[in-house]
Amino acid sequence: MGDYAATISTPLKKAERITRSLGIYSGKYNLTNYNTTLIKQTSITKYFATGGVAGFTQGIIAVVVDGISDNGHNLQWDYTTGAFKAYKPTQITLSGSATGGNVTVLLTEGQFAAASTAGTMVAAGIEAATDVDCGEVSFVAIGFMRG
Numbered sequence: 001m002g003d004y005a006a007t008i009s010t011p012l013k014k015a016e017r018i019t020r021s022l023g024i025y026s027g028k029y030n031l032t033n034y035n036t037t038l039i040k041q042t043s044i045t046k047y048f049a050t051g052g053v054a055g056f057t058q059g060i061i062a063v064v065v066d067g068i069s070d071n072g073h074n075l076q077w078d079y080t081t082g083a084f085k086a087y088k089p090t091q092i093t094l095s096g097s098a099t100g101g102n103v104t105v106l107l108t109e110g111q112f113a114a115a116s117t118a119g120t121m122v123a124a125g126i127e128a129a130t131d132v133d134c135g136e137v138s139f140v141a142i143g144f145m146r147g
């Protein structure tokens, strides 16, 4: 079982101040080996105030990713640990008919028509397993700057 391992690539030398107290840091985050025991990502958190600031854990207000990783995982920032938590989306296959709120509404010749369609959709995922390459996402972190 390997440790949580990730690399960041960014053209920024450090977080950039955008207001008197707030800063922004961005780049590409490649989570090469996920472990359910999360390890604080100091390569991101080191630029922001330590401890809680104005109710925000570790001085970070938000860490936003650009979508699903190139390996199909959803990365979500865990404010308590200061690390990304990885989830593997679950696909649900719909078949047969649907009624009530599960009906697709189609516009045909100026008339609304209800139609039931089969297909797939993404549901809430489950946490990724340990020792999985979760892939790469672009991220933006915003928080209270040090000093």
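Going by the UniProt record's numbering, 139 is the number at position 139 of the sequence shown; the sequence numbering is gapless.
Heads up, the beta-carbon is just placed ideally off N, CA and C, and yes, glycines get one too.
Because the structure is a prediction, the values reported are computed rather than measured.
Which same chain residues, not among the five before or five after residue i, have their C-beta less than 6 angstroms away from its C-beta?
| i | result |
| --- | --- |
| Gly-67 | none |
Once you ignore the five residues that flank residue i on each side, which residues in its own chain have a CB closer than 7 angstroms to its CB?
| i | result |
| --- | --- |
| Asn-71 | Asp-133, Cys-134, Gly-135 |
| Thr-130 | Met-1, Tyr-34, Asn-35, Thr-36 |
| Ile-18 | Ile-24 |
| Trp-77 | Val-63, Phe-84 |
Do residue j and residue i come within 7 angstroms of each other at the CB atom, strictly closer than that value?
| i | j | result |
| --- | --- | --- |
| Val-65 | Leu-75 | yes |
| Gly-143 | Ile-60 | yes |
| Ala-141 | Ile-39 | no |
| Lys-28 | Ser-138 | yes |
Can you check DSSP and say which residues form a bridge with residue i?
| i | result |
| --- | --- |
| Arg-17 | Gly-23 |
| Asp-78 | Ala-83 |
| Lys-88 | Ile-126 |
| Ile-39 | Per DSSP, none; premise fails for Ile-39. |
With a CB to CB cut of under 8 angstroms and the five nearest residues on each side skipped, what residues in its chain are close to residue i?
| i | result |
| --- | --- |
| Asn-30 | Ala-6, Thr-7, Ile-8, Ser-9, Gly-135, Glu-136 |
| Glu-16 | Gly-23, Ile-24, Tyr-25 |
| Ala-49 | Gln-58, Gly-59, Gly-143, Phe-144, Met-145, Arg-146 |
| Thr-81 | Leu-38, Ile-39, Lys-40 |
What would DSSP say about residue i, mapped onto helix, strand or coil?
| i | result |
| --- | --- |
| Gly-125 | strand |
| Ser-69 | coil |
| Gly-32 | Note that residue 32 is Thr in the sequence shown, not Gly. Here Thr-32 sits in strand by DSSP. |
| Thr-7 | strand |
| Phe-139 | strand |
| Ile-44 | helix |
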